[in-house]
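J.: Below: one structure in structure tokens.
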Amino acid sequence: MPEEYLASLDTEAFRAAWDDRITESRWPSSGTLVAEEAGRVVGYSRFYPTDDTDDDPAVVGMIGSMYTLPEVWGTGAGKALMAGVVDTLAGAGYSQATLWVLEGNHRAREFYRRQGWDGDGGLVEERGDGFPITKVRYRRPLPGAPAPS
31 MPEEYLASLD TEAFRAAWDD RITESRWPSS GTLVAEEAGR VVGYSRFYPT DDTDDDPAVV
91 GMIGSMYTLP EVWGTGAGKA LMAGVVDTLA GAGYSQATLW VLEGNHRARE FYRRQGWDGD
151 GGLVEERGDG FPITKVRYRR PLPGAPAPS
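Every position in the sequence shown, counted from 1, becomes a number in the numbering used here once 30 is added.
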């Protein structure tokens with residue numbers, strides 16, 4: 031995302047939206063997990079039933095966001111956060127999970143690949159406040175899910 035766009039975000043509106051999201055969680059089928067280090071939040075992930083029209087929300091959970099601070103990249107914090115989300119989705123009864131990632135975010139795409147995610151061919155192109163955004167969908171089976179036939 032362009033730096034100008036990120037700098038222009040309204041943090042108070044962002045905070046209010048997150049308060050609403052956390053209040054509306056329906057654990058364990060939807061919610062937010064955080065990664066902490068020395069008592070401070072260094073990452074978070076938000077998940078919920080898929081909103082993709084080509085998937086069944088009773089079967090497929092979606093990771094809507096997954097972020098860690100750059101200072102904890104490579105420390106295992108993101109891997110632990112991802113493992114927690116995958117386990118929570120599996121415990122909620124989903125058999126698969128998906129996520130969307132910016133096509134040009136090679137670091138994140140490699141991270142997801144190392145965690146057992148693969149591109150499934152899903153692609154969406156949008157315009158975000160004057161700049162193009164292309165996202166690709168990744169998918170993985172969840173622990174305890176039946177093997178595909």
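Backbone N, C-alpha and C fix where the C-beta goes; we use that ideal spot for every residue, glycine too. This structure is a prediction, so every number in the text was calculated from the model and none was measured.
1) So which of V166, G149, L129 and T105 has the shortest CA-CA distance to D81?
2) Put D81 into one of helix, strand or coil per three-state DSSP.
3) Could you check if P173 is buried or exposed, using at least 16 other CB atoms within 10 Å of its CB as the buried criterion?
4) Output needed for L153: all residues of its chain with C-beta closer than 6 Å, excluding positions within five of it in sequence on either side, in chain order.
5) Taking 8 Å as the threshold (C-beta atoms), are V116 and G73 in contact?
6) Using a Cβ-Cβ cutoff of less than 6 Å, which residues in the same chain neighbour G61 once the five nearest sequence positions on both sides are dropped?
7) Can you find the residues in the same chain that come closer than 7 Å, C-beta to C-beta, to P162, ignoring five residues on each side of it along the sequence?
8) Quick one: Cα of P171 to Cα of G91, how far?
9) In chain order, what residues of the same chain have a beta carbon less than 8 Å from the beta carbon of G151, not counting five sequence neighbours either side?
T.: The relevant details are as follows:
1) Relative to the Cα of D81, the nearest Cα in the group V166, G149, L129 and T105 belongs to L129.
2) In the structure shown, D81 sits in coil (DSSP, three-state: anything other than H, G, I, E or B).
3) Exposed is the call here.
4) If we look at L153 and ignore the five residues flanking it on each side, its Cβ neighbours are V166.
5) Going by C-beta atoms, G73 is not nearer than 8 Å to V116.
6) These residues qualify, in order along the chain: S55.
7) Answer for P162: E155, listed in chain order.
8) A direct Cα-Cα distance of roughly 10 Å separates P171 from G91.
9) If we look at G151 and ignore the five residues flanking it on each side, its Cβ neighbours are R167.
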